[in-house]
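What follows is one structure encoded as structure tokens, with my remarks underneath.
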Amino acid sequence: MALTAAGSGHSRLALIAGVVCAATILFGLTVMTTTVHRDHADHHNVPSLLNDTWEVSPAFARRRGAPAAIEPRQAG
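Here this note's numbering = 1-based position in the sequence shown + 430.
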């Protein structure tokens, strides 16, 4: 919308559309960044933006020394 408004000579509308686009991108990056940070703090295996639950690694994987990517970390 910003490019169309700028191309048709509506500079005020182009500025507003550009600000809205930048704010949307900034909000999306903020949501993703805070989700990854929270998941690392809670020791989730992978970022779970749309999933409020996660599966714990199976007991056999924890006992045999599975790779760090699927091993749950103990708090404390």
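Every residue gets a Cβ at the ideal spot worked out from N, C-alpha and C, and that includes glycine.
Determine whether the beta carbon atoms of Leu445 and Ala432 lie at a separation below 9 Å. yes
Between which two residues does the alpha helix (DSSP H) containing Ser438 stretch? No alpha helix (DSSP H) contains Ser438, which DSSP labels as neither H nor E.
May I have the straight-line CA-CA distance separating Thr465 from Cys451, to the nearest angstrom? 21 Å
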